[in-house]
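S.K.:
In our numbering, the protein residues as written are 1 to 395.
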């Protein structure tokens, strides 16, 4: 917290504080259809990449249980949950006494326990699920030529780009920054690419599980159709015969490796998102005195990422410090407040996209803005927003 306050104070004192006037300007009528496709593609690309790379399909326990409801799955799409899963998988790998393909499969899976209607990413389920594996990754790490590697490469590149722009946005006078326009609404999600790196070598969806609701269902394994699906080792291994504990597979969280990793976890979260949080406050301090205006898009954009970054720092710090960081599923996944927060952030994101589309305007040089044209006259301290074709600034 002290670090974040110092970062905020440093940037605030660099600039003259102003109170911007928020404008809403409907000015997107002149944009042609091909340009709209281009803008929406750029807008949604980071979102699609991080959802596809960070959200996995649930593994049902038992296999005959109905799938979870939309409200139960909703919180897995929260960027805070995605980041948590990355760091937790990295923690499992660091503390593993002997990492193998079964460990990798279990850590990547997201188990839905139908009887309790709850998600389970505990260390116990990691060990217990070894009896249910029907398909394991080819190796105990991600293959170089694989879909996961390609996804990680793309997402990491987005992360480097987003972080570069965020850092430069916090520097007064920098020409490199994330503008609050339609094409960049989800660009800050690129930061997830860097926070994927702790687990990048062990992220895979090349696995399968089959759990049985009762001992009487075990003979079904002898059916020819299922023999084609279930691997040979499962035909011989039953959950009741697995004589293995968490202590056999993992070092305790308070070991030197575990403590060191958690320090790394918090330092990277605070380092990346602390700067992001400070940058989101530019709404209140980075305006030239002559143009103290902000588009409605900019207000929503900065506000929703300020809340998301601050919430990520707070939630991760709380659970790591209190020793609740052993599950690959964030502990508050079932909490009503977390579901409401996730839904509210999604609604804010959708609203930001809609308003950005309405305010989007192409300048003469081909770039885009959500602010109107301004008329700046000599002898006047403040420029005045005007209609299309009437201004001499931001044209």
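Built from N, CA and C at the ideal position, the CB exists for glycine as well.
In this text the structure is predicted, and so the values were computed from the model without any measurement.
Using a threshold of 8 Å, state whether the C-beta atoms of residue 129 and residue 96 are closer than that.
M.R.: No, they are not a contact pair.
S.K.: Do you know offhand how far residue 386's Cα is from residue 393's?
M.R.: About 10 Å.
S.K.: Considering just the uninterrupted stretch of the alpha helix (DSSP H) at residue 355, what are its terminal residues?
M.R.: Its alpha helix (DSSP H) spans residues 336-359.
S.K.: Residue 384: which of 147, 314, 197 and 294 sits nearest, CA to CA?
M.R.: Minimum Cα distance to residue 384 is reached at 294.
S.K.: Just grab the DSSP bridge partners of residue 293 for me.
M.R.: BP columns for residue 293 point to 21.
S.K.: Helix, strand or coil for residue 380? Go by DSSP, reduced to three states.
M.R.: Coil at residue 380, not helix or strand.
S.K.: Measure the beta-carbon distance from residue 181 to residue 369 and round it to whole angstroms, keeping in mind my assumption that it falls under 8 Å.
M.R.: Indeed they touch by this definition, with Cβ atoms about 7 Å apart.
S.K.: Please classify residue 233: is it buried, with 16 or more other beta-carbons within 10 angstroms of its beta-carbon, or exposed?
M.R.: Legend: pLDDT at residue 233 = 49, less than 50; position of this residue unreliable, value from coordinates given subsequently. Its Cβ having fewer than 16 others within 10 Å, residue 233 is exposed.
S.K.: Residue 58 lies in the beta strand (DSSP E); which residues open and close that run?
M.R.: Run containing residue 58: 58-61, per the beta strand (DSSP E) assignment.
S.K.: Check for me: the beta strand (DSSP E) holding residue 374 runs from which residue to which?
M.R.: Unbroken beta strand (DSSP E) run through residue 374: 373-375.
S.K.: Taking the beta strand (DSSP E) that residue 132 falls in, what are its first and last residues?
M.R.: No beta strand (DSSP E) holds residue 132; DSSP gives it neither H nor E.
S.K.: May I ask you to report which of helix, strand or coil DSSP gives residue 393?
M.R.: Three-state DSSP puts residue 393 in a strand.
S.K.: For the alpha helix (DSSP H) containing residue 364, list its first residue and its last residue.
M.R.: Segment: none, residue 364 is in no alpha helix (DSSP H) and carries neither H nor E.
S.K.: Along the beta strand (DSSP E) that carries residue 120, what are the first and last residues, could you check?
M.R.: 118-120 is the span of the beta strand (DSSP E), which, as asked, contains residue 120.
S.K.: With a 10 Å radius around its C-beta and 16 neighbouring C-beta atoms as the bar for buried, classify residue 38 as buried or exposed.
M.R.: Exposed: under 16 other Cβ atoms inside 10 Å.
S.K.: Just mark residue 342 as buried or exposed, buried being the case when its beta carbon has 16 or more other beta carbons within 10 Å.
M.R.: By the 10 Å Cβ count, residue 342 comes out buried.
S.K.: Give every residue of the same chain whose Cβ lies closer than 8 Å to the Cβ of residue 100, excluding the five residues on either side of it in the sequence, and list them in chain order.
M.R.: Excluding positions up to five away in sequence, the list reads 140.
S.K.: Please state whether DSSP places residue 44 in a helix, a strand or coil.
M.R.: Residue 44 falls in the helix class under three-state DSSP.
S.K.: Does residue 257 have its Cβ less than 8 Å from a Cβ in chain C?
M.R.: Looking at the structure shown, chain C is missing, and only one protein chain is on hand.
S.K.: Using DSSP's beta-bridge definition, name the partner residues of residue 208.
M.R.: DSSP lists 135 as partners of residue 208.
S.K.: Nearest by alpha-carbon distance to residue 25: which of 64, 358, 178 and 45 is it?
M.R.: Of the candidates 64, 358, 178 and 45, the one whose C-alpha sits nearest the C-alpha of residue 25 is 358.
S.K.: Ignore the nearest five residues each way along the sequence and tell me which others in residue 146's own chain have a CB closer than 8 Å to its CB.
M.R.: So the qualifying residues of the chain are 204 and 206.
S.K.: Quick one: any contact between the region 178-194 and the region 63-73, if contact means 3 or more CB pairs under 8 Å?
M.R.: Touching, no, given that fewer than three Cβ pairs across the two stretches are closer than 8 Å.
S.K.: Give me whichever residues DSSP pairs with residue 111 in a beta bridge.
M.R.: Note: residue 111 sits in a beta bridge opposite 59 and 120.
S.K.: Below 8 Å, how does it come out for the region 149-158 and the region 120-128: are there three or more Cβ pairs, yes or no?
M.R.: As far as the Cβ criterion goes, the region 149-158 does not touch the region 120-128, which means the pair count is below three.
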